[in-house]
Each structure stands twice: as C-alpha cells, then as structure tokens.
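Going by numbering that gives the first Met the number 0, the sequence shown opens with residue 0, and the numbers climb by one from there. Where is the CB? At the ideal position from N, CA and C, for every residue including glycine. Below is one structure, written out as structure tokens, with a few remarks after it.
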Amino acid sequence: MKVSSNQIFNFNAGPAMLPSTVMQTAQEEFLNYKNSGMSVMEMSHRGGHFQEILDKALVNIRKLLQIPESYEVIFCSGGATAQFSSIPLNLLDEDDSAAYSLTGVWSVKAYQEAKKFYPRVVSIFDGKESNFSEIPNLRDSDIPSDAKYIYITSNNTIYGTRYSQFPNLKTPLIADMTSDILSRELDVGKFGVIFAGAQKNIGPSGLNICIIRKDLLQNRKSPTPVILDWQVTAKAGSLYNTPPTYSIYMAGLVFEWLLDLGGLSAIEKINEKKASILYETLDETDFYQTFVPKANRSMMNVVFHLKDTKLDSKFVEESESYGLVGLKGYRDVGGMRASIYNAMPLEGVESLINFLKDFEKKWG
Ligand SMILES: Cc1ncc(COP(=O)(O)O)c(C=O)c1O
C-alpha cells in the first residue's frame, strides 16, 4: 500500500529531501521575497536583501554549531569536491606532507587529489580490505610528525559507517562532514577545518560550507587558484564572486528550522531514535543483513542487504509502489541504502519498517 496518493518518502543519498516546512516557506516566498517584487534567485548578491540572508545564515550556523570566534565560516561553491583541492592548496607548500584516513570512496578521492599536487601526502589507514566497514581509532602516534594535517570523512555515505567519536589530536584534524553535518552535537574546537557539501543536511547542491580555524589561514608561499582560496573568500565575506545565492537562502531556512526544533541536541535525539528503530528491525531477522559493526554504524545512511540477492530488484520495485523512493544501494556496494538525514520524519522511517516487515512476510 502506498503511503498516500501524493506523498512519498525520499531516501535518496543526496540531493536529499528537505524539511517540508522549509519547502513551503520557499514556495510562499518564491515569486516575491519580502515584498521586493523579486525572487531571491533574481536578486543582486550585492543588494540589501541578499546581504541580510547571508548574514543571518552565518549567524545561525554559528549558533547551531557553537562555532568559536577563532574560526572563520565561509560559503563556497563547487560542491564538497572543490574542497578536496582547496584543502591541500590552502594548507600545504611544495614539500609538505599530510595524512589521510581512507574510510571510503570520498576520502580516497580527496587523497588522490592532494597527492596530485603534493607527492609527500600519505595514507595512514586504508579500509579497502574490510570493504570499508572499519573506522580507525586515530592516535597522535599514528600520524607522521611532519604531517601538516590529518584528513577524515566523518560519515561514509556509501558504506553506512561513521566516526562515532572524534579523536583529540595535536595535528589539525580536517573533516569532510558532507553527510552528517548538523546531525549531532559537535565540539568544533577539536577540528582545524570542517567542510560539507550542502545537498544532504543543509540545502541544494553546489554550495559548500567551510569552518576554518583562523590560524590555519596563513600565507602560503605557493599561489592558490583564486576561486579555491579561503583567505580571498573570507576577506570578501563569501562575496568575492557571485555565490550560489538561492542555495544560501535555502540553507538559511534550514538553519532556522533546526533552531526552532531545539538545535543539535534535539535533532540528535530524533536521529538516534530513527536509526535505532531501523537497525533493530534489520537485526531481528536474517532475511536482512547489515555488515557494518555496531560501533561504526551511521545514523544517516543505513546500508543493508537482502540475504537472497535475487529479491533485490523486487524489493526496489515494491518499495517504490509503497511510496518509498531511493532505497537502491550504491552501485559498487549493492544491496539497499536508506538515507535518513535530518529532514526525514520519524513517520518515514516507520513506514519503511512496515514495508520491511511486509516484504519479509511475503517473500521470506
Ligand atoms: C561524504 C561525501 N563527501 C563528498 C561528496 C561529494 O560531494 P559533491 O558532489 O558536492 O562534490 C559526497 C557526495 O555525496 C559525500 O557523500
């Protein structure tokens, strides 16, 4: 049975669903933003309306993550991938080294990009042999003394793993938080740089947000391409060139939604509940299988397999007619993946659980 004739629950990994109240506000304001007679999409990024939107978004993300004054926050474009280049090109000089922890495709891509420019960059953990189900317990002694930074992916979107806790390290910790930013409480002070593509927990794709400890914004000897240069973006208040204005507006609405909900402690409780009831259902039977060790399980991307893989296409087909879309797993991993970011309501997960039980009854 479909959830309702016009409602679906969207489990896509990203771009992903946005909170319905945010979408409604955007719809109401779409043609005529605050009596300006224009859509936000049509406004100058140098005008008063947009400046207000930008300022408010910056204040609110600082509030949500309790970002200390010693950190700069900038909005950049080019998605999270742009930061794979920006990080080494802002933090390293010619003969410098950095350490990468490879817990999935996205950290491998970031590592390869850094290595292209800086051959002394090293990997200190490679999860490939465990099919990326492992998360290392990083300690200072694992990190080469000459590494300028240590790079991690906090949540591995494809494999459904995450760092449940973040290490306290002497070397600046750089984290790609694309798929779990704003999903749990966070001590920003543990990190040198945090960055995230917007398309999961923040807003539309293309935008990314960088939170950078100010002492890391030093002058390098080698030049940085201007569009990737954090200092240039920071000095210009994220307005060096035309930023992705509509995405910033949507991000601002999402930040307000989260603050109204009670901030990160409130959303973390909701996320814990959603993930725990879903994992419990999967663990109750061997009709479904989860290969990720419990300690490493992601709260955002729940990856599971059907024991009988011949049923995979039937599962996807029947889930879609039930109103549950986007459950097919990543192509290299197979199986299923339910992405349950902040905007996925509890009812969406409950509906998935009902479907999982019905499907097992029918085919188990
Ligand atoms: C953890 C992580 N990092 C980076 C990326 C790449 O993001 P983008 O497509 O915005 O470059 C993704 C994409 O889903 C991701 O999940």
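Where does the unbroken beta strand (DSSP E) through aspartate 282 begin, and where does it stop?
-> Where aspartate 282 is concerned, there is no enclosing beta strand (DSSP E), although the alpha helix (DSSP H) it sits in stretches over 262-282.
Tell me whether serine 122 sits in a helix, a strand or coil according to DSSP, three-state version.
-> strand
Backbone secondary structure at histidine 44 - three-state DSSP | coil
Should isoleucine 247 be counted as a contact of ligand 1 given a C-beta to heavy atom distance under 8 angstroms?
-> no
DSSP state of valine 72, grouped into three classes?
-> strand
Hey, quick one: how far does the alpha helix (DSSP H) through methionine 22 stretch, first residue to last?
-> 19-28
Residue of Ile134, Thr80 and Glu68 minimising C-alpha distance to alanine 197 | Thr80
Look up serine 96 in the DSSP assignment and give the residues it is bridged to.
-> Ala146
In this structure, does DSSP put leucine 258 in helix, strand or coil?
-> helix
Run the proximity test for glycine 328: is its beta-carbon closer than 8 angstroms to any non-hydrogen atom belonging to ligand 1?
-> no
Every unbroken beta strand (DSSP E) inside the region 171-220 [3 residues or more] | 172-175, 192-196 and 206-212
Is it the case that the CB of glutamine 26 approaches a heavy atom of ligand 1 more closely than 8 angstroms?
-> no
Close beta carbons around tyrosine 340, own chain, < 6 angstroms, minus the five adjacent residues each side = Ala15, Lys199, Asn200 and Met299
Taking the alpha carbon of isoleucine 66 as the point to measure from, which residue in Gly103, Pro222 and Cys209 has its own alpha carbon closest?
-> Cys209
Would you decide whether glutamine 164 is buried or exposed? Buried here means 16 or more other CB atoms lie within 10 Å of its CB.
-> exposed
Could you give the DSSP three-state label for glutamine 230: helix, strand or coil?
-> helix
Any contact of the region 208-223 with the region 13-33, i.e. 3+ C-beta pairs under 8 angstroms?
-> no
From the DSSP output, which residues share a beta bridge with glutamine 288?
-> His304
What residue from Ile276, Glu41 and Val332 has the CA that sits closest to serine 350's CA?
-> Ile276
CA-to-CA distance, serine 129 to proline 344, given in whole angstroms | 32 angstroms
Count the other CB atoms within 10 Å of the CB of phenylalanine 116; is the residue buried (16 or more) or exposed (fewer)?
-> exposed
Do alanine 146 and valine 107 have their C-beta atoms within less than 9 angstroms of each other?
-> no
Short Cβ contact (9 angstroms threshold) for lysine 114 with aspartate 139 | no
Determine the contact status of isoleucine 173 and glycine 202, defining contact as a CB-CB distance below 9 angstroms.
-> no
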